[in-house]
Amino acid sequence: MLKKALIGAVALTALTAAQAQAQYSENKIKIGVLTDLSGTYSDLAGKGAVLAAQMAVEDFGGKVNGVPVEIVSADHQNKADIASSIARKWYDAEGVDAIAELVTTAAAVAVREVSKEKGKIDLVSGAASTPLTNDKCSPTGFHWTYDTYALANGTANAVVKTGGKSWYFLTADYAFGHNLQAQTERVVKANGGEVKGAVKHPFPNSDFSSFLLQAQSSGAQIIGLANAGADTINAIKQAKEFGITQGGQSLAGLLVFITDVHSLGLETAQGMMLTTGYYWNRDDETRAWSKRWSAKMDGKMPSMVHAGTYSSVMHYLKALAAAKTDDGVKVADQMRALPIKDASGFAVNGKIRADGRMVHDMYLAQVKKPSESKGPWDYYNIVRTIPGDDAYQPLAESTCALVKK
Amino acid sequence: MMTLFGIPTAALFGQLLLGLINGAFYAMLSLGLALIFGLLNIINFSHGAQYMMGAFVAWLGLTYLGANYWVALALAPVIVAAFGIVLERTMLSRLYKLDHLYGLLLTFGLALIIEGFFRQLYGISGMPYAVPKELAGGWNLGFMYLPIYRAWVVFASLVLCVGTWLLIEKTKLGAYLRAATENPALVQAFGINVPVMITLTYGFGVALAAFAGVLAAPIYSVNPLMGSNLIIVVFAVVVIGGMGSIMGSIVTGFMLGILEGLTKVVYPEAAGTVIFMVMVIVLLIKPAGLFGKGA
């Protein structure tokens, strides 16, 4: 009895003593990386993103103001219900302070709702759709790496300007696909092009033959692929098989990652235009960081989602240190205040806006011909740098309630 | 332009032809499943993983040994069948006397292990596998462009399906197999080695899956998830056709492929679910399946 009282008193003193300086709940920082570890998007995100988050923690020193940082991870299997139940469990029972990565719009939106409800921070890197910075925006929610608006502004703009005026869409039948199609249609029409039609395919899907046939019979010059990951790869491969390009039509991959180009091979992918938020081979800084990541990933090179995860987690750690608390709202304020710069070379000219959008330079790239490539994963020629303010949706057009009008 | 149901006939015929090609895969895979269930009473959930292994053996053979497509087509089924036979001898044979559910659980677990193993090694984006030169290119049929390779798939699968049906229904070996499953003790009393027959049957079923895998390699991405995407649909096909009926699974496979093709034109969003809707209806009206013998 006395022993218990003594232990209790010591514990209480220890707790109250900790209150004096930085207070982090349970004296530990936990960051959860919630991603697709096994499905359609697991190569462009997945365990590479978990590694990126771990690298950020290590590079930061493993501790924030003396408090250790831990990374946990889980597989949401691209399903919104699984994502939200993992998020709830993490926030309520396991003391997780922030959730990062979140590829797949449906999962990201579900977790955004949970995080907003609990005042916790979410650092969305992998998901693409614009509702995250419009009607689903949150004071503690951030959209870091890219979005469908920037993709459309980059790729669709470039394709229409080089003569691709009539479009037909092959769209993944879920929130992301619909959103990407809508954004691209906007850019096509604004540049005087026309949309001949669209077909929605199940997500995920392995056989595109019948959808490609419909695209072929539409007679559109450009077949826009409003999908990503394994879906895009399969669609492009099968388009080659069905002689789509022989008929005079071209494919426009609206969201293409370097992992997709690697899977397709330069022979098939050469000449494709794409918009990206990061290229590992752009300058010495990106090369140095990417080689470190690559050493633990069997020689693969990071996608923009991997670099974005590193960058967002690193910035979060800096904000935690500055705020001296893990309270979501206070840390979010620090995130908006601090300059964004880290070893990955991601986020050139980066700044965070009121709607949670991290605006930074994007790059219009073209896939190299096999003869131009100087080594493994050397796949892109950067055609143009698109300054952040030109790439992303203007703040005045955002329907986010946090944006003062 | 003529229209049927509001769709131009040219587009319709194109989609039906594509549906036939998909049906060819459904038929081959459901044939293997029906064979294994009909003769062995095992619900082989690892069929999709074995299909994927066939494709991977073809890719590995090409990448590391320079073995071309035709060599892979001949050898991959043998290699994967050998693996299947090892599984059967060490694990499945212990479950024959038990409820079907045990076989289902074991093979399902094995499927997860095999897929996880390949995913760990190769990721999910898929490995490139080129269409063999002899089958590259296509014919312009007017209403669509038909890749030669896809026509080959339909041809090969028809030959395989009809050949297997003839083997099981019309030859002495097939007769022994059918007898052995109906009454193993009696057949064994006649001096026929029943356990060996059963093992070989499982091996043959697995070989069918692996053959389908090699056929799929140039057109679908060779990735660890390729089997799991297909296997659920194939199970629905087998249930609709009748679990023990070989002819049933072949005919149903092609028919459902065509139905799916039609749905993709009329209402693409339902393409993933139409086969299951048919399955529900068939189960309610004729639970033994369209061609199945009564329960």
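Line by line, the protein sequences give chains A and B. With the first letter of the first sequence counted as 1, position 322 gets the number 322 in UniProt numbering; the numbers rise by one all the way through. With the first letter of the second sequence counted as 1, position 84 gets the number 84 in UniProt numbering; the numbers rise by one all the way through. Glycine included, C-beta positions come from ideal geometry on N, C-alpha and C. Just so it is clear, the structure is predicted and the values come from calculations on it, not from any experiment.
Asked, Found
"Residue from A:Ser-312, A:Tyr-149 and A:Ser-311 whose Cα sits closest to the Cα of Glu-397 (chain A)", "A:Tyr-149"
"Alpha-carbon spacing of Tyr-176 (chain B) relative to Val-187 (chain B), whole angstroms", "8 Å"
"Residues that DSSP places opposite Ser-250 (chain A) in a beta bridge", "A:Ile-222"
"Rounded separation between Met-1 (chain B) and Pro-8 (chain B) - CA only", "Caution is warranted here: a pLDDT of 46 is assigned to Met-1 (chain B), below 50, making its placement in the model unreliable, and the coordinate value is therefore given only provisionally. Distance between the alpha carbons of Met-1 (chain B) and Pro-8 (chain B): 6 Å."
"When B:Met-226, B:Gly-289 and B:Gly-203 are compared against Phe-83 (chain B), the one with the closest alpha-carbon", "B:Gly-203"
"Neighbour-count burial assignment, Lys-172 (chain B), 16 or more Cβ in a 10 Å radius", "exposed"
"Min CB distance Met-1 (chain B) to chain A below 7 Å", "Unreliable placement is indicated for Met-1 (chain B), whose pLDDT of 46 sits below 50; no coordinate value is reported for it."
"Interface residues of chain B facing Val-305 (chain A) [CB-CB closer than 9 Å]", "Per Cβ cutoff of 9 Å: no residues; Val-305 (chain A) is ~13 Å from chain B at best."
"Three-way DSSP call (helix, strand, coil) for Thr-286 (chain A) in this model", "helix"
"6 Å CB neighbourhood of Thr-181 (chain B) in its chain, flanking five on each side removed", "Leu-39"
"Ser-217 (chain A) versus Ala-11 (chain B) - alpha carbon distance", "7 Å"
"As assigned by DSSP and simplified to three states, the class of Arg-384 (chain A)", "strand"
"Burial state of His-100 (chain B), where buried means 16 or more other Cβ atoms lie within 10 Å", "exposed"
"Enclosing beta strand (DSSP E) for Phe-83 (chain B) [first to last residue]", "Unbroken run through Phe-83 (chain B) is the alpha helix (DSSP H), 69 to 90; no beta strand (DSSP E)."
"Reduced DSSP category for Ala-211 (chain B) - H, G, I as helix; E, B as strand; rest coil", "Rather than Ala, the amino acid found at residue 211 (chain B) in this sequence is Phe. In this structure, Phe-211 (chain B) counts as helix in the three-state DSSP scheme."
"Members of the stretch 52 to 82 of chain B that neighbour chain A once the beta carbon cut-off is set at 9 Å", "none"
"Alpha helix (DSSP H) segment containing Lys-318 (chain A), residue limits", "304 to 323"
"Chain B within 7 Å of Leu-213 (chain A), Cβ atoms only", "yes"
"Contact list for the stretch 165 to 180 of chain A against chain B, Cβ threshold 9 Å", "Asp-173"
"Ile-148 (chain B): contacting residues in chain A (beta-carbon distance under 9 Å)", "Going along chain A, no residue has its Cβ under 9 Å from Ile-148 (chain B), so there is no contact; the nearest lies around 10 Å."
"Beta carbon proximity, Glu-241 (chain A) to chain B, threshold 7 Å", "yes"
"Within-7 Å CB hit, Gln-15 (chain B) to chain A", "yes"
"Residue closest to Tyr-96 (chain B), alpha-carbon to alpha-carbon, out of B:Leu-167, B:Ala-67, B:Gly-109 and B:Phe-37", "B:Phe-37"
"Classification of Pro-376 (chain A) by the beta-carbon crowding that lies within 10 angstroms, buried from 16 upward", "exposed"
"Euclidean distance between Cα positions of Ala-17 (chain A) and Ser-25 (chain A)", "With a pLDDT of only 48 at Ala-17 (chain A), under the threshold of 50, the placement of this residue in the model should not be trusted; the figure read from the coordinates follows. Their backbone Cα atoms lie some 13 Å apart in a straight line."
"Residues near residue 452 (chain A) in its chain [Cβ-Cβ closer than 8 Å; skip 5 each side]", "In the structure as shown, chain A begins at 1 and stops at 405. Residue 452 (chain A) is therefore absent and cannot be evaluated."
"Option in A:Phe-142, A:Ala-239 and A:Leu-266 with minimal Cα separation from Val-350 (chain A)", "One point to set straight first is that residue 350 (chain A) is Gly, not Val, in the sequence displayed. Residue A:Phe-142 is the option with its Cα nearest to Gly-350 (chain A)."
"Sub-7 Å separation of Val-49 (chain B) and Ala-76 (chain B) beta-carbons", "One detail in the question is off: residue 49 (chain B) reads as Ala in this sequence, not Val. The answer is no: Cβ separation not under 7 Å."
"Residue nearest to Ala-269 (chain A) in terms of C-alpha spacing, selected from A:Asn-205, A:Tyr-279, A:Arg-292 and A:Ala-239", "A:Ala-239"
"Beta-carbon gap between Lys-120 (chain A) and Gly-328 (chain A) smaller than 7 Å", "yes"
"C-alpha gap between Leu-60 (chain B) and Pro-128 (chain B), whole angstroms", "11 Å"
"In DSSP terms, what Trp-139 (chain B) is bridged to", "B:Leu-146"
"At least three beta-carbon pairs within less than 8 Å, the stretch 222 to 240 of chain A to the stretch 107 to 121 of chain A", "no"
"Between the CA atoms of Cys-161 (chain B) and Leu-51 (chain A) - distance to the nearest angstrom", "47 Å"
"Residues near Ala-45 (chain A) in its chain [Cβ-Cβ closer than 7 Å; skip 5 each side]", "Thr-35, Asp-36, Glu-101, Val-103, Gly-126 and Val-305"
"Sub-7 Å separation of residue 414 (chain A) and Tyr-316 (chain A) beta-carbons", "Only positions 1 to 405 of chain A appear in the structure, and residue 414 (chain A) is not among them; the question remains open."
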